[in-house]
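Structure first, commentary second.
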Amino acid sequence: MNYDFREIEAKWQKYWAENETFKAFSDSDKPKFYALSMFPYPSGAGLHVGHPLGYIATDIYSRYKRHKGFNVLHPMGYDSFGLPAEQYAIQTGQHPAITTENNINRYREQLDQLGFSFDWSREVRTSNPQYYKWTQWIFIQLFNSWYNKKSDKAENISSLTSIFEKEGNANVEAACDDDTPSFDAATWNAYSEKEKQQILLKYRLTYLADTEVNWCPALGTVLANDEIVNGVSERGGHPVVRKKMTQWSMRITAYAQRLLDGLDKIDWPQPLKDSQANWIGRSVGASVTFNVLDAERSRSDQDVTSSAVEKSQESVINPPYQIEVFTTRPDTIFGVSFMTLAPEHELVAKITTPEQKVEVDAYVEATAKRSERDRMADVKTISGVFTGAYAEHPFTKEPIPIWIGDYVLASYGTGAVMAVPCGDQRDYDFAKHYNIAIPNIFEGVDISEEAFADKETTVIANSDFLNGLSYKDAMKKAIAELEKIGHGEGKVNYRLRDAVFSRQRYWGEPFPVYYVDDMPQMIDLEHLPLQLPEVEKYLPTETGEPPLGNATEWAWDVKQCTVVNNQLIDYKTVFPLELNTMPGWAGSSQYFNRYMDPRNDEAIFSPEAINYWQDVDLYIGGSEHATGHLLYSRFWQKFMFDMGYVPKDEFAQKLINQGMITGTSAFVFQIIPGIRRKIEKNNFIGKGSLFSPLFISAEKVDLLEEEHGKLGYVEADKSKVVFDFIRERIEDLSKFNFYDESEKVEYELNFKILRHRVPIDMLKGTSDILEIEKFKDSSMYSSYSDAEFLFNDDGEYETHREVEKMSKSKYNVVNPDAICEEYGADSLRLYEMFLGPLEQSKPWNTAGITGVHSFLKKLWKLYSPVIDSDAERSRSVTEAEPTAENLKTLHKTIKKVEEDIENFSFNTSVSTFMICVNELTTQKCTSKAILEPLAILVSPYAPHIAEELWSRLGHSESIAEAPFPKFEEKYLVESSKEYPISFNGKMRFKLELPLDMSKEDIEAAVLAHEKTKEQLQGREPKKVIVVPGKIVNIVG
RNA sequence: GCCUUGGUGGCGGAACUGGUAGACGCGCUGGAUUCAAAAUCCAGUGUCUUCGGACGUGAGGGUUCGAUUCCCUCCCAAGGUACCA
């Protein structure tokens, strides 16, 4: 009988579902094990082959743990709020809920086909109101909390107000806004209700604040960095600027230190911990304040110092502007020769002198167009503008010029730096570029070529009271002196910023918030969930409000406690609701706890459930979530812990990053002809509408000679073919330029090349060749339906291929359905594991799948004599005693597979199974004592075939909980070893020797061997290294 | 730019704390079976070679009796870089 995987897999999937084989119970005598895979975002492209990689790994481990006697919780759900569904809604008008439902159904179908041991009764969906009720609930808990640094935990806001009422905020140590004023009890008690609320917002763990966003005026919306390409929006190519906006933020910075410390307690990959630690970015140094000199005075030559001192003494009456900087090198304070502010810094407008205003304004505007990432990455271009203003050095009282520069980011630290060019390369380069002084404050160091940043060998000079001190001593001393004169203090700074929690989107959790007199009010738990309203359009409103601004039923009636029509808003009993929604990470930050008790409508989970399951034992997911989901989840878990809702302050003990399966994206090249002035190298590019779009085959791009970066191309012999192709299609070159004939300059044909992604299903089979018709016919490229193509020498259009992460947005996804159909789920599961180490990223290529499929066929064949329907014959073979060889093969396999599973090295287990089956087949093994344990070993990996073999071996129960075979060393004991004999580290021949032979005897035996003499050719060995049981190396 | 990971035959990869480089599988070559094909089975398969052997794990250097493994410098690719999920 043949291996009929279709029948077998359908049969067992049905059996598992009907018998609820994998249902987890929150009470059991067995030890608990909680295995979790990161839940997917259900995209319209369906599940792709990258998704199951982690799921299969988690599933193998879960099934293994069941064999090992654990009560396993292995749930699955959907992270179903998100941008793609909303984009789709904008394009088609289809409600995201419908799209999402369809996508989920498709995902479920695909997941079911793969035979996962999920407990589907616990499924969650973040976009389900029964689920997001609890996301809203957590938001309210955070709103009602503040962070007390004295107790080092979050507390209810009521404990804060009671302190305020008694003693004001002088003694409160809290995580709060920098601009929080100080007040006494009387002042607090005299505040109006609104003033009190405004103060409390500065303390709450979620609060309203002005934060910078990427604003795209043309689209009327905020864009992710991801959606911006080369400074313009990916959709439509519109300009994008940085803009301030009032948004909800999460005070994650309150937990910075605990998030950092907690990393030591969890078994997560070191690179992931590193990236969280870097993200949090703790640095120790000092905050220093510089007074800004009055513009009039700083320009007068006379008596700058004394007038400044006077001024600062009068500061109570007329305080000067102050610039606060954070520095990790307060020891170099005497090396400061200028300051740089971020162009967005609020003081820039206030201190810029009239003479510099034009230049500064232009620079600020130009900077607003650059993304943060761009500014960080670009270290080659040095740019900045002098504001005309000066600050006063806190010790020397010398005036220091204040510059602005886009290398200083507003969101990092205080948005200002004190520049010490002799000690920091960036400052050094800036000073050199703008001819600013570079005072040397290091003993015996030459700074004529570059800055000196080695803390270890630093000896300070030219620095008054710091002279002669080392880095460490100077640091302490400088901080002490700064504190003495009230110009600074020692400080620990974190790079981590509070997380913006508002999105100007439709498809996300609504905030349970309405506004009374502009102050946010929370809706009571009993009225939750606050459901997403219906809207006609998913775009921002014409006045630039978020999509919820389109809703007509979006006001809160505090009397009836219900959502009512906007027209009823009277600001007395009916108030406007919040128009933003929550970000993608809101729903995923506690989902792992919700799985413990997902249908509970009274609480986020019951105390019984959380106390039984505690935390996640094993979490598998991608490393790309390192500083998003995985950091926010840890933050919320710590908050939940502080509130006493969860028993563990870290939600996952062990975490494994599965590597990505990379896809191979395809690109086509469009050329847009234009004219270039030969002398000045100016390009005039464009006028695409005058001819059909032109595309050139990938290898033709290589023919083009690149000149001056990406824009310039010159005609050369080899590129003639491309130039001719373009010329043929342009009858009149003068259409492309408008130059004055009288100009005595030469012009030449030139063009710019645009890369477009094309979906890989537009390619012929697995080749790089584009199917022209598919491309022209697709709705995506409707504007290219009359395109012309320059083919390669074979008359085909070849695309350019690039390896990238597999993602719908890159049009390079491959889905598993076809493979499942042709080879079955067990083959796919084995194959995905066989591809390579779980943690590493690897390209997808189906070429090798026949290998694992034929392994399954061989496995089936091995069992055939035993499970044959001829009962009489079957019995006679099954009772065969296992041979020593059989037992050796089996136990070798048990040992290796168990080690592999414990080490998450699933690829090597698959090889081990292949070797085992090959050996047992050669041995003609028919012993049940061997084949039964083997079925259990295989079952976590290929559960369907294992169940079928198990049942045919005569079992009526599922294999799922059969005990894992026990490894016994005694079957593997060897008496001799085939020693590799190497000369100078190179293996030359092998020699079989008893394992109990002594070092000396081995050496003697090897030296006496004739091949040794042959190798040495009469030379005397200088040294002989014998490692018993391993190797012999002869040097000579 | 910065942080992280990786680079081994034609391809995916193996080699556990430094000890036989290329397990296992794909592909390829030859053979058996077959009217033929598919499927299956058997043998071979890193490169060069004067058939003794020599070389070989991104490049260059170092430590060591011995390096894919440890150290230094460099190159290349991928992921992240705060509103994709």
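Heads up, the first sequence is in my numbering, so the first residue is -10 and it goes up one at a time.
Built from N, CA and C at the ideal position, the CB exists for glycine as well.
- For Y503, the beta-bridge partners assigned by DSSP are Q510, L566.
- With a threshold of 16 other beta carbon atoms within 10 Å, E921 meets it and is buried.
- Residue state for Q80 is assigned as helix, using DSSP reduced to three classes.
- Residue range 230 to 239 is occupied by the beta strand (DSSP E) that includes M234.
- With a cutoff of 7 angstroms on beta-carbon distance, I468 and G475 are scored as not near each other.
- In this structure, E(-2) sits near A814, with a CB-CB distance shorter than 7 angstroms.
- Between the beta-carbon of F59 and that of F22 there is about 4 angstroms, and that keeps the pair under the 8 angstroms contact cut.
- Taking C-beta separations shorter than 6 angstroms and ignoring five residues to either side along the sequence, the partners of M903 in its chain run F844, following chain order.
- Taken through DSSP and simplified to helix, strand or coil, F714 comes out as helix.
- Exposure of G533 is indicated by the presence of fewer than 16 other C-beta atoms within 10 angstroms of its C-beta.
- When the beta-carbon positions are compared, S238 and V489 come within less than 7 angstroms of each other.
- The criterion of a C-beta distance shorter than 7 angstroms is satisfied by N781 and S686.
- Residue burial annotation: N482 is buried, with at least 16 other C-beta atoms found within 10 angstroms of its C-beta.
- A distance below 6 angstroms between beta-carbons, with the five flanking residues on each side excluded, links V547 to the following residues of its chain, in chain order: T562.
- In its chain, beyond the 5 residues on either side, D418, F419, H422 have a beta carbon closer than 6 angstroms to the beta carbon of I371.
- A direct Cα-Cα distance of roughly 38 angstroms separates L692 from G33.
- Contact check for R744 against F624 fails: the beta carbons are separated by 7 angstroms or more.
- Annotation for A198: S238 place their beta carbon closer than 6 angstroms to its own, counting only its chain and skipping 5 residues before and after.
- If you look at I1020, you'll find it in the beta strand (DSSP E) that goes 1020 to 1024.
- By the C-beta density criterion, L557 is exposed, having fewer than 16 other C-beta atoms within 10 angstroms.
- Membership of G43 in the alpha helix (DSSP H) is indicated by the continuous run 39 to 56.
- Counting along the chain, the unbroken beta strand (DSSP E) around I970 starts and ends at 965 to 972.
- Annotation: the continuous alpha helix (DSSP H) that includes G251 extends over 245 to 251.
- Assignment of beta-bridge partners to I991 by DSSP yields no partner.
- For the pair T317 and G377, the CB atoms are not nearer than the 7 angstroms cut-off.
- Taken through DSSP and simplified to helix, strand or coil, A331 comes out as coil.
- A Cβ-Cβ distance of about 13 angstroms is found for the pair E1003 and G1025, leaving them out of contact under the 8 angstroms criterion.
- Between the alpha carbons of Y504 and E567 lies a distance of about 7 angstroms.
- The DSSP assignment places no complete run of the beta strand (DSSP E) inside the region 892 to 927 (cut-off: 3 residues).
- Between I129 and Y396, the alpha-carbon positions lie close to 38 angstroms from each other.
- Under DSSP, M976 takes part in a beta bridge, and its partners are S971.
- Here A24 is not near Y44, since their CB atoms are 7 angstroms or more apart.
- Inclusion of S916 and N875 in the CB contact set at 7 angstroms is warranted, their separation being smaller than that value.
- Per DSSP, the beta-bridge partners of T200 are M234.
- Here A143 carries a strand assignment [DSSP, helix/strand/coil].
- Residue pairing for G479: DSSP places it in a beta bridge opposite A275.
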